[in-house]
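Below is one structure; the comments refer to it alone.
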Amino acid sequence: MSRTKHRKGSSENEETNNYALLILAAIIVVICITLLFGSFIYWAIYSEPTPSTPSAEKNVCQTPDCIRLAHQMNNFGNKSVDPCVDFYGYTCGRTLITEYWHKNRNVSTDSKSETIMKQLFELCSSIKNPENKANQNEALHRDLLADINKVGSWPMIDPNFNGTKFNVSQYLENMAGKLNMIKFGLFKFDFSKLFGIVFDEEAYNWSYSTKQEILQLVKNLIIKSKVQVDPKTIETDMKDVDELQQKLQ
1 MSRTKHRKGS SENEETNNYA LLILAAIIVV ICITLLFGSF IYWAIYSEPT PSTPSAEKNV
61 CQTPDCIRLA HQMNNFGNKS VDPCVDFYGY TCGRTLITEY WHKNRNVSTD SKSETIMKQL
121 FELCSSIKNP ENKANQNEAL HRDLLADINK VGSWPMIDPN FNGTKFNVSQ YLENMAGKLN
181 MIKFGLFKFD FSKLFGIVFD EEAYNWSYST KQEILQLVKN LIIKSKVQVD PKTIETDMKD
241 VDELQQKLQ
């Protein structure tokens, strides 16, 4: 009986000791994990980056083509420009004009876009020439007279104009159908409105300078049409148009 009690007491003490050891081991594990993560966090936040070992520089331009390209790219830039102000001008300021365009402007190409760009550049450059500007004005007047003829006879430039045959509806139809016009001086088409024909406020608010420009344009057209018209007649007709607009307001 006493032996049984002794064994029972020893078993309870052993279980107690094992439980205490288990708790102690768990505490040690928790402390170790905490220290591990704490060390990692401290290293991640406060550690200084370790200097990398310098690698030997490589000479990337070893072939003649690479050296030539590097030389061209160096000459593409405009070194007189501050790169902090105009980085594009600093790196590519002389590329298109100095290094490309003047050397390749007469070179034939199969690229449609490049051909159009060359034509556009030539056209823009030709405007600076006074002779070309005069030719352009001549072409402009010629096109305007052609458009006027599509609309109908204009009394100022047509000595054979017959007022009895004047049909304003036909004129308006020609302006809209043949010239795709939506503004007719007194009114205009506005398809965003419920009623397509609306009052054209812009036509009634011409400034004095705008009226003078139109008057001068009309005079130039009459001169180009080679019809002898008294300048006073032109001014009188323009004045009548202005008075009509004022009455319709």
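Going letter by letter, the sequence shown gives residues 1 to 249 in the numbering used here.
Don't be surprised by glycine CBs; every beta carbon is placed ideally from N, CA and C.
Every value quoted in this text rests on a predicted model; they were computed, and no experiment measured them.
With which residues is Phe199 paired in a DSSP beta bridge?
Phe187
Under 8 Å: do the region 123-134 and the region 211-225 share three or more Cβ pairs, one atom per stretch?
no
Enumerate in chain order the residues of its own chain whose CB-to-CB distance from Asp237 is below 8 Å, with the five nearest sequence positions on each side excluded.
Met156
In this structure, does DSSP put Thr109 in helix, strand or coil?
coil
If distances are taken between C-alpha atoms only, which option among Thr210, Gln212 and Met181 comes closest to Ile197?
Met181
Sort Cys124, Ser207, Asp190 and Gly93 by Cα distance to Asp200 and report the nearest one.
Asp190
Taking buried to mean at least 16 other C-beta atoms within 10 Å of its own C-beta, is Ile222 buried or exposed?
buried
6 Å Cβ shell around Ala203 - same chain, five flanking residues per side excluded
Gly185
Compute the Euclidean distance between the alpha carbons of Lys211 and Lys118, then round it to the nearest angstrom.
38 Å
Once DSSP output is grouped into helix, strand and coil, what is the label at Ala176?
helix
Using C-beta distances below 6 Å, list every residue in its chain close to Phe161, excluding the 5 sequence neighbours before and after it, in chain order.
Ser153 and Pro155
Can you find the residues in the same chain that come closer than 8 Å, C-beta to C-beta, to Arg142, ignoring five residues on each side of it along the sequence?
Lys224
Using C-beta distances below 7 Å, list every residue in its chain close to Asn250, excluding the 5 sequence neighbours before and after it, in chain order.
A query on residue 250 cannot be resolved here, the shown segment of the chain reaching from 1 to 249 and no further.
Measuring only the C-alpha atoms, how far is Ser209 from Ile234?
17 Å
Taking the straight line between their C-alpha atoms, what separation do you get for Ile116 and Ser192?
36 Å
Who are the Cβ neighbours of Gly93 in its own chain at under 7 Å, not counting the five residues just before and after it?
Gly77, Asn78 and Val81
Report the rounded CA-to-CA distance for Asn137 versus Ser126, giving the unit in angstroms.
13 Å
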